[in-house]
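Enquirer: Pasting in a structure now, in structure tokens, and then I'll have a few things to ask.
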Amino acid sequence: MLSRSNWTILGLAVLVAIGGGWLQHASQRARVPAGVQVAATGETAPDLALAGLDGKEHRLSDYRGRRVLLNFWATWCGPCLQEMPALVKAQANVGEKGAIVVGIAMDDADHVRAFLASHPLNYPVLLGRLDSPSTSLRLGNVGELLPYSVLLDENGRVLATRRGALDARDLQQWLAPTAP
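Dropping the structure here:
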């Protein structure tokens, strides 16, 4: 049984933790430049235009009609590289008619090309905007951490977001066919 002073210390520790979490959340929200719309869960994602490694412009609306997993990564990001085999396997499992994984590299185009030359992927890779506001910020990654994933439904609405690597179970759930 805890003494009264231990309960007081425990209560203060909980309050400090809650206050710290709130301050962290508030400071991340403060990083969003004025006038920049950040897509939230349940909202339609902005129809961003991103360069492909083929030099052509690709829009998020190009993928309408399919469930889309946008996966933000970089060649220098260890956790990003560790999750790639699971993404490749997940894309192979859903096939060409099902959901689609779209990698969005938050990196220099030359670094991405060199990486993909030795590590080919079975899903498209686009180049995210690094300048402010970054592509990942516009899609809800306020802390701009990598890896970061966004799941869009067939109409481009944000279903879910995740900071950190996705595992095989997460990918199976996220990319499962939707009921008609």
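At position 47 of the sequence shown the residue is numbered 1132 (this note's numbering), and the sequence of numbers has no breaks. Even glycine gets a Cβ: it sits at the ideal position worked out from N, Cα and C. Every value quoted in this text rests on a predicted model; they were computed, and no experiment measured them.
Which first and last residues belong to the beta strand (DSSP E) in which residue 1156 is found?
Expert: Residue 1156 sits at position 71 when you count from the first residue of the sequence shown. From DSSP, the beta strand (DSSP E) with residue 1156 extends over 1153-1158.
Enquirer: What do you reckon, are the CB atoms on residue 1183 and residue 1206 nearer than 9 Å?
Expert: Taking the sequence shown and counting its residues from 1, one reaches residue 1183 at position 98. Taking the sequence shown and counting its residues from 1, one reaches residue 1206 at position 121. Contact flag unset, no.
Enquirer: For residue 1246, which residues from the same chain have a beta carbon less than 6 Å from its beta carbon, with the 5 sequence-adjacent residues on both sides left out?
Expert: What you label residue 1246 is simply residue 161 of the sequence shown in a count that begins at 1. These residues qualify, in order along the chain: 1225, 1235.
Enquirer: Can you give me the C-alpha to C-alpha distance between residue 1261 and residue 1193, rounded to a whole angstrom?
Expert: Within the sequence shown, the letter at position 176 stands for residue 1261. Within the sequence shown, the letter at position 108 stands for residue 1193. So the alpha carbons of these two residues sit roughly 32 Å apart.
Enquirer: Rounding to the nearest angstrom, what Cα-Cα distance links residue 1149 and residue 1090 in this structure?
Expert: For the purposes of this step, residue 1149 is taken as the residue at position 64 of the sequence shown. For the purposes of this step, residue 1090 is taken as the residue at position 5 of the sequence shown. Straight-line Cα distance between these residues: approximately 59 Å.
Enquirer: Starting from residue 1137, trace the beta strand (DSSP E) in both directions and tell me its first and last residue.
Expert: Stepping through the sequence shown from its first residue, residue 1137 is reached at position 52. Residues 1134-1137.
Enquirer: Cα separation between residue 1213 and residue 1221?
Expert: In the sequence shown, the residue the question calls residue 1213 occupies position 128. In the sequence shown, the residue the question calls residue 1221 occupies position 136. Distance between the alpha carbons of residue 1213 and residue 1221 is about 8 Å.
Enquirer: What is the rounded straight-line gap between the Cα of residue 1208 and the Cα of residue 1129?
Expert: Here residue 1208 refers to the residue found at position 123 when the sequence shown is read from its first residue. Here residue 1129 refers to the residue found at position 44 when the sequence shown is read from its first residue. Straight-line Cα distance between these residues: approximately 23 Å.
Enquirer: On the three-state DSSP scale, how would you describe residue 1144?
Expert: Counting from one through the sequence shown, the residue named residue 1144 turns up at place 59. Residue 1144: strand per DSSP, three-state reduction.
Enquirer: Look at the alpha carbon of residue 1146 and the alpha carbon of residue 1136, and state the distance between them as a whole number of angstroms.
Expert: Indexing the sequence shown from 1 puts residue 1146 at position 61. Indexing the sequence shown from 1 puts residue 1136 at position 51. Taking the straight line from one Cα to the other gives about 14 Å.
Enquirer: From the DSSP output, in three-state form, read off residue 1123 for me.
Expert: In the sequence shown, the residue the question calls residue 1123 occupies position 38. Coil.
Enquirer: Tell me which residue opens and which closes the alpha helix (DSSP H) that residue 1194 is part of.
Expert: Translated into the one-based positions of the sequence shown, residue 1194 becomes position 109. It spans 1194-1203 - the alpha helix (DSSP H) in which residue 1194 sits, taken as one unbroken run.
Enquirer: Of the residues 1178, 1156, 1215, which one's Cα is nearest the Cα of residue 1168?
Expert: Within the sequence shown, residue 1168 is the residue found at index 83, counting from 1. Cα-wise, what sits closest to residue 1168 is 1156.
Enquirer: Secondary structure at residue 1254, three-state DSSP: helix, strand or coil?
Expert: Taking the sequence shown and counting its residues from 1, the one referred to as residue 1254 is at position 169. Correct three-state label for residue 1254: helix.
Enquirer: Run through DSSP, which three-state label would residue 1223 get?
Expert: Taking the first residue of the sequence shown as 1, we reach residue 1223 at position 138. If DSSP states are grouped into helix, strand and coil, residue 1223 belongs with the helices.
Enquirer: Along the beta strand (DSSP E) that carries residue 1188, what are the first and last residues, could you check?
Expert: Within the sequence shown, numbered from 1, the residue matching residue 1188 stands at position 103. First-last of the beta strand (DSSP E) with residue 1188: 1185-1190.
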